[in-house]
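In the numbering used here, the protein residues as written are 61 to 358. Glycine included, C-beta positions come from ideal geometry on N, C-alpha and C.
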RNA sequence: GGAGGGGUAGCGAAGAGGCUAAACGCGGCUGACUGUAAAUCAGCUCCCAACGGGUUCGGCAGUUCGAAUCUGCCCCCCUCCA
């Protein structure tokens, strides 16, 4: 089995820098496990590695989409797995670095996605109650994990059933829920309070570095706040400002808050969805990685 | 000094005698997660040895079977007049 190292953790803990350090130490290449840094032009707000950082290690899956483009787990899974194969074939270590939990899990674990075309909107006019009842007929087991208020998931589960004549719960039941690689997942963490402090500082720095101008230029290119890429934290909050409904300072405070909440959700996902180890101390993490890499060698 | 308005849980803000440990919002915490995931959604949030108990609505003293809600005094805050 191919070895894959993954570095995960909440936003602003320092994954980017650590990833580069590891790529250099182990002769690896970085696969970005991030759903926003794929967009060209979303640099500052997505905390994309700088030009300088990009030059210090080979990075994959960054700047691969136009801001008007769409992206999904399935695409990430395909691309990331191809990167893993190619990097391994070169005799180098693939290192996934990122904070998008679902993407990383889908690439590493035996998740199965089918080829699908455009999403249809046939359920748009249904109430949640109606969707719930429909799903109860088609895939009742899926309801164990989907709350009636979670409209998006209800519709998705129904769409899956329509397209494959098989419920999402059945598809999941056919999987083993195990990684398909020999992988080591390292979670980088720090005290909550310190993390929140780092988030605040980073947001302030983004503003200084010209986040507003970045958004301006995206809008000028024809990107709108309704586009997928603009759902990102650090971008969507400025819609209210641009429409005059909030002051700049209020929007900046929103970005900080959304980032904090996001960091918490990331913790929850990684902690409960992945088999992994947390490290506050990078040196200890490196020791663990050393041991893992040497495992099986004579 | 005078006239009004006000002090409610971390914050904002309802409530105006029992149905109130106190609506709602925010913030915070916890969790779910298989195709927009930086998304979407759920629960908890006065204290405790907790299907029960203990303390609350500026303070103290009253009225009442019963008070955050009524009365008196006191302390703070805001606006206006001097």
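*So, using beta-carbon positions, are residue 71 and residue 208 closer together than 8 Å?*
Position 11 of the first chain holds residue 71. Position 148 of the first chain holds residue 208. No.
*Is the region 94 to 109 touching the region 270 to 279 in the sense that three or more CB pairs, one from each, lie closer than 8 Å?*
In this structure the region 270 to 279 lies against the region 94 to 109, because at least three pairs of beta carbons, one per stretch, are closer than 8 Å.
*Given residue 348, which residues of its chain have a CB within under 8 Å of its CB, disregarding the five upstream and five downstream residues?*
Residue mapping note: residue 348 aligns to position 288 of the first chain, counting from 1. The answer, listed in chain order, is 244, 246, 337, 339.
*Cα-Cα separation, residue 187 to residue 299*: Residue mapping note: residue 187 aligns to position 127 of the first chain, counting from 1. Residue mapping note: residue 299 aligns to position 239 of the first chain, counting from 1. The alpha-carbon atoms of residue 187 and residue 299 are separated by roughly 28 Å.
_According to DSSP, residues forming a beta bridge with residue 262_ = Taking the first residue of the first chain as position 1, residue 262 is located at position 202. Bridge partners of residue 262 according to DSSP: none are assigned.
*What's the C-alpha gap between residue 286 and residue 343?*
For this step, residue 286 is matched to residue 226 along the first chain. For this step, residue 343 is matched to residue 283 along the first chain. Rounded to whole angstroms, residue 286 to residue 343 spans 43 Å at the Cα level.
_Cα-Cα separation, residue 273 to residue 263_ = Walking along the first chain from the start, residue 273 turns up at place 213. Walking along the first chain from the start, residue 263 turns up at place 203. It is roughly 14 Å from the alpha-carbon of residue 273 to the alpha-carbon of residue 263.
_Using only the alpha-carbon positions, how far apart do residue 134 and residue 125 sit?_
Locating residue 134 in the first chain gives position 74, where the first residue counts as 1. Locating residue 125 in the first chain gives position 65, where the first residue counts as 1. Between residue 134 and residue 125, the alpha-carbon positions lie close to 15 Å from each other.
*Span separating the alpha-carbon of residue 242 from that of residue 64*: To locate residue 242, count along the first chain from 1; it is residue 182. To locate residue 64, count along the first chain from 1; it is residue 4. Whole-angstrom Cα-Cα distance: 6 Å.
*Since residue 138 and residue 235 are thought to touch, with beta carbons under 8 Å apart, how far apart are those beta carbons, to the nearest angstrom?*
For the purposes of this step, residue 138 is taken as residue 78 along the first chain, with counting starting at 1. For the purposes of this step, residue 235 is taken as residue 175 along the first chain, with counting starting at 1. Contact check for residue 138 and residue 235: beta-carbon distance about 17 Å, past the 8 Å limit, so the pair fails to qualify.
*Output the boundary residues of the beta strand (DSSP E) element that contains residue 89.*
Within the first chain, residue 89 is the residue found at index 29, counting from 1. 88 to 92 is the extent of the beta strand (DSSP E) around residue 89.
*Name the one or two DSSP bridge partners that residue 1 has.*
The structure shown has nothing for residue 1, since the chain only spans 61 to 358.
*Could you check if residue 308 is buried or exposed, using at least 16 other CB atoms within 10 Å of its CB as the buried criterion?*
Taking the first chain and counting its residues from 1, one reaches residue 308 at position 248. By the neighbour-count definition (other C-beta atoms within 10 Å, threshold 16), residue 308 is an exposed residue.
*Tell me whether residue 77 sits in a helix, a strand or coil according to DSSP, three-state version.*
As a working note, residue 77 is residue 17 in the first chain. Reduced to three states, the DSSP call for residue 77 is helix.
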